[in-house]
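Visitor: Sharing a structure, written as structure tokens. Questions coming.
Number of protein chains: 2
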Amino acid sequence: MEFKEAKQKFIGTWGAFGSLWGINKAMAQIHALLFISPEPLAMEDIMDELGISRGNTSMNLRGLMDWGIVHKVNVPGERKEYFESEKDVVELTRIIAKERSRRELQPTIKTLKEVSNIKDDGSAKTKEFIKQTKALHDMADTASTMMHKMIDQVQNWISKTMVK
Amino acid sequence: MEFKEAKQKFIGTWGAFGSLWGINKAMAQIHALLFISPEPLAMEDIMDELGISRGNTSMNLRGLMDWGIVHKVNVPGERKEYFESEKDVVELTRIIAKERSRRELQPTIKTLKEVSNIKDDGSAKTKEFIKQTKALHDMADTASTMMHKMIDQVQNWISKTMVK
DNA sequence: TTTATGTTTCAATTATTTTTGAAAGTTTAA
DNA sequence: TTAAACTTTCAAAAATAATTGAAACATAAA
Numbered sequence: 001m002e003f004k005e006a007k008q009k010f011i012g013t014w015g016a017f018g019s020l021w022g023i024n025k026a027m028a029q030i031h032a033l034l035f036i037s038p039e040p041l042a043m044e045d046i047m048d049e050l051g052i053s054r055g056n057t058s059m060n061l062r063g064l065m066d067w068g069i070v071h072k073v074n075v076p077g078e079r080k081e082y083f084e085s086e087k088d089v090v091e092l093t094r095i096i097a098k099e100r101s102r103r104e105l106q107p108t109i110k111t112l113k114e115v116s117n118i119k120d121d122g123s124a125k126t127k128e129f130i131k132q133t134k135a136l137h138d139m140a141d142t143a144s145t146m147m148h149k150m151i152d153q154v155q156n157w158i159s160k161t162m163v164k
Numbered sequence: 165m166e167f168k169e170a171k172q173k174f175i176g177t178w179g180a181f182g183s184l185w186g187i188n189k190a191m192a193q194i195h196a197l198l199f200i201s202p203e204p205l206a207m208e209d210i211m212d213e214l215g216i217s218r219g220n221t222s223m224n225l226r227g228l229m230d231w232g233i234v235h236k237v238n239v240p241g242e243r244k245e246y247f248e249s250e251k252d253v254v255e256l257t258r259i260i261a262k263e264r265s266r267r268e269l270q271p272t273i274k275t276l277k278e279v280s281n282i283k284d285d286g287s288a289k290t291k292e293f294i295k296q297t298k299a300l301h302d303m304a305d306t307a308s309t310m311m312h313k314m315i316d317q318v319q320n321w322i323s324k325t326m327v328k
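Residue numbers (our numbering), protein chains in the order written: chain A, 1 to 164; chain B, 165 to 328.
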């Protein structure tokens, strides 16, 4: 396999993987492209490389910037805006995990807490409901806390434990 | 908030949460319903409660059974098939994490390994590509291993570290 | 058998999400 | 200013995913 094929395969796989996790294909592919590019790319480059429209590119770049994993950079002497992605994978993971947690996990945890707090009227249904939603809340809350702690020191963890 | 409202809210939230993570709404809602039900439910019960069609219910129950988090149970004296969900949240988490890893993460890791193994022709593009896809592979591989280990002993982990 | 009860499948429909492309908007340079 | 270079926005179109409902398929009881 040579470069061009590997590149195609990487971009495709990354796009498909993103889709499975609720990130749209174009966004994941733009990210993939920037992630492996040694220099910043302009919108034109991205459109051409991925064969997607100007509007699509613009919107998804904006999305990636909202996530905080892509930034505008200024290339001296150039009128165009250039983009580059966060290159440190640990930092990348940290940003994505924190952001998804904040946007999706935390609101769900909040609701779980609310609904598990209804008054116990003694019925089997209510008892089961309280028990199960509490269990889910505890699990989610624990997992979330754990994840944050882990991610905050994952760099450290990796260098200590990664088998080479 | 009383039971009925809390139940609605829980089912709705769980459905929305599922959608954000690539699980369709009906599937997540069926799971939510079974998860809080003290007894197994028949297809009829589920359809009525969620207001979805027979076909939809059938297909998504099948999906949940493929995931291994819902099972058929036999209710003596009943012709109908009844369904119940895995009730232990830790076990539930374990199953989902393992299954998603197997179906989605592992294939991606495999591709990352493949593409990061192209021959280095010395160009900046190739060098960056190899460096970045390798980094991604290492990260994904490490995270996956870590997750599996953690999940295998998460019950233990929770009782040790959870702040009450 | 035959009937009654219940489940699965799948083509067609409906809903949702993504993508396009052109008009409107910005910014820089002349 | 005005023009040129470039970006953003957003309504419409296209693509994708979810849902329905009825026919086909099972299975147990009469």
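Where is the CB? At the ideal position from N, CA and C, for every residue including glycine.
Please read these numbers as outputs of a predicted model, since none were measured by experiment.
Taking the alpha carbon of K274 (chain B) as the reference point, which residue from A:T145, A:E2, A:K9 and A:F3 has its own alpha carbon closest?
Guide: The sequence position of residue 274 (chain B) within the second sequence is 110, counting from 1. If we check each option's Cα against that of K274 (chain B), A:K9 comes out closest.
Visitor: Using a 10 Å radius around the Cβ and a threshold of 16 neighbouring Cβ atoms, would you call A124 (chain A) buried or exposed?
Guide: Taking the first residue of the first sequence as position 1, residue 124 (chain A) is located at position 124. Under this definition A124 (chain A) is an exposed residue.
Visitor: Just the chain A side, please: which residues come within less than 8 angstroms of W185 (chain B) by C-beta, in chain order?
Guide: Your numbering for residue 185 (chain B) matches position 21 in the second sequence. Near W185 (chain B) (Cβ distances below 8 angstroms), the residues of chain A are W21, G22 and E104.
Visitor: Quick check on the DSSP output: what are the complete alpha helix (DSSP H) runs of length 4 or more inside the region 173-210 of chain B, in order along the chain?
Guide: Listed in chain order, the complete alpha helix (DSSP H) runs (minimum 4 residues) inside the region 173-210 of chain B are 189-200.
Visitor: Taking I260 (chain B) as the query, report the chain A residues whose CB atoms sit under 9 angstroms from its CB, ordered along the chain.
Guide: On the second sequence, residue 260 (chain B) is found 96 positions in, with the first residue counted as 1. By Cβ distance, chain A contributes nothing, its closest Cβ being about 11 angstroms from I260 (chain B), past 9 angstroms.
Visitor: Roughly how many whole angstroms lie between the Cα atoms of K131 (chain A) and S116 (chain A)?
Guide: As a position in the first sequence, residue 131 (chain A) is number 131, starting the count at 1. As a position in the first sequence, residue 116 (chain A) is number 116, starting the count at 1. K131 (chain A) and S116 (chain A): Cα-Cα distance of roughly 8 angstroms.
Visitor: Hey, out of A:T57, A:R102 and A:F3, whose CA is closest to Q29 (chain A)'s CA?
Guide: As a first step, residue 29 (chain A) must be located in the first sequence, where it is residue number 29. Selected option, being the one with the closest Cα: A:T57.
Visitor: Just reading off the alpha helix (DSSP H) that E263 (chain B) is part of, what are its end residues?
Guide: Mapped onto the second sequence, residue 263 (chain B) falls at position 99. It spans V253 to R264 - the alpha helix (DSSP H) in which E263 (chain B) sits, taken as one unbroken run.
Visitor: Is S85 (chain A) closer than 7 angstroms to F35 (chain A) when the C-beta atoms are compared?
Guide: The sequence position of residue 35 (chain A) within the first sequence is 35, counting from 1. The sequence position of residue 85 (chain A) within the first sequence is 85, counting from 1. Yes. Within cutoff.
Visitor: Within 7 angstroms (strictly less), CB to CB, does M27 (chain A) reach chain B?
Guide: Mapped onto the first sequence, residue 27 (chain A) falls at position 27. No, M27 (chain A) does not count as interfacial toward chain B.
Visitor: According to a CB-to-CB cut-off of less than 8 angstroms, which residues of the region 204-234 of chain B neighbour chain A?
Guide: Against chain A - using a Cβ distance shorter than 8 angstroms - the region 204-234 of chain B contributes no residues.
Visitor: Taking the straight line between their C-alpha atoms, what separation do you get for V89 (chain A) and W231 (chain B)?
Guide: Here residue 89 (chain A) is taken as the residue at index 89 of the first sequence, counted from 1. Here residue 231 (chain B) is taken as the residue at index 67 of the second sequence, counted from 1. So the two alpha carbons sit approximately 30 angstroms from each other.
Visitor: Along chain B, which residues have their Cβ under 7 angstroms away from the Cβ of K113 (chain A)?
Guide: Within the first sequence, the letter at position 113 stands for residue 113 (chain A). None at all; the shortest Cβ gap to chain B is about 11 angstroms.
Visitor: Using only the alpha-carbon positions, how far apart do I118 (chain A) and A180 (chain B) sit?
Guide: Position 118 of the first sequence, counted from the first residue, corresponds to residue 118 (chain A). Position 16 of the second sequence, counted from the first residue, corresponds to residue 180 (chain B). Rounded to whole angstroms, I118 (chain A) to A180 (chain B) spans 21 angstroms at the Cα level.
Visitor: Can you give the Cα-Cα distance for R266 (chain B) and G241 (chain B), rounded to whole angstroms?
Guide: Numbered from 1 along the second sequence, position 102 holds the residue referred to as residue 266 (chain B). Numbered from 1 along the second sequence, position 77 holds the residue referred to as residue 241 (chain B). Roughly 39 angstroms between the two C-alpha positions.
Visitor: With the cut-off set at 7 angstroms, would you say P202 (chain B) and F247 (chain B) are in Cβ contact?
Guide: Position 38 of the second sequence, counted from the start, is the residue given in the question as residue 202 (chain B). Position 83 of the second sequence, counted from the start, is the residue given in the question as residue 247 (chain B). Contact: no.
Visitor: Just to confirm, is the Cβ distance from R264 (chain B) to I315 (chain B) under 7 angstroms?
Guide: Here residue 264 (chain B) is taken as the residue at index 100 of the second sequence, counted from 1. Here residue 315 (chain B) is taken as the residue at index 151 of the second sequence, counted from 1. Not closer than 7 angstroms, so no.
Visitor: Taking the alpha-carbon of E104 (chain A) as reference, which of A:G18, A:S144 and A:I52 has the nearest alpha-carbon?
Guide: Against the first sequence, residue 104 (chain A) aligns to sequence position 104. Checked all of A:G18, A:S144 and A:I52; the closest Cα to E104 (chain A) is A:S144.
Visitor: Roughly how far, in whole angstroms, is the beta-carbon of G22 (chain A) from the beta-carbon of L228 (chain B), given that I think they are within contact range, below 8 angstroms?
Guide: Here residue 22 (chain A) is taken as the residue at index 22 of the first sequence, counted from 1. Here residue 228 (chain B) is taken as the residue at index 64 of the second sequence, counted from 1. Their Cβ separation, rounded to whole angstroms, is 19 angstroms, which puts G22 (chain A) and L228 (chain B) out of contact at 8 angstroms.
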